[in-house]
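A.B. asks:
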Amino acid sequence: MPTEYNYSRPTVLNMERKPFLSSEDIELLPLDESDAEFLRDGVNHRQVRTNIGITKPQTLADERSLIESRMESEDVSLS
Numbered sequence: 000m001p002t003e004y005n006y007s008r009p010t011v012l013n014m015e016r017k018p019f020l021s022s023e024d025i026e027l028l029p030l031d032e033s034d035a036e037f038l039r040d041g042v043n044h045r046q047v048r049t050n051i052g053i054t055k056p057q058t059l060a061d062e063r064s065l066i067e068s069r070m071e072s073e074d075v076s077l078s
């Protein structure tokens, strides 16, 4: 039996982040350190990890490192 996973966002968000794009249905926010736990939990789900090519479970430190590198980049990363 597959394990159910709750993909809802944390209820406490960094309210200083201004949405990059917002509509009635969706809000895209700049990536932030507070997203690390949510991202780790998502990519560690077996079906997600298999489909995005990650071969080993990711730690919180892995996700924090990813976020830090994305925040230093000139590219836009959204969560």
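Using numbering that gives the first Met the number 0, the first residue of the sequence shown is number 0, and each one after it goes up by one.
Ideal Cβ positions, reconstructed from N, Cα and C, are used throughout, including at glycine.
1) For Q57, I'd like the list of residues in its chain whose CB is within less than 7 Å of its CB, leaving aside the five on either flank, ordered along the chain.
2) Three-state secondary structure (DSSP) at M0?
3) Terminal residues of the continuous alpha helix (DSSP H) containing G41?
4) Does V11 come out as helix, strand or coil in the three-state DSSP assignment?
5) Could you check whether the segment 16 to 25 touches the segment 51 to 68, counting it as contact only if at least three pairs of C-beta atoms, one from each stretch, sit closer than 8 Å?
C.D. replies: Reading off the structure:
1) R39, V42, N43
2) At M0, the pLDDT of 43 sits below 50, so the modelled position is not reliable and the matter cannot be decided from this model.
3) 35 to 42
4) Any reading at V11 is ruled out, since the residue's pLDDT is 49, under 50, leaving its predicted position unreliable.
5) no
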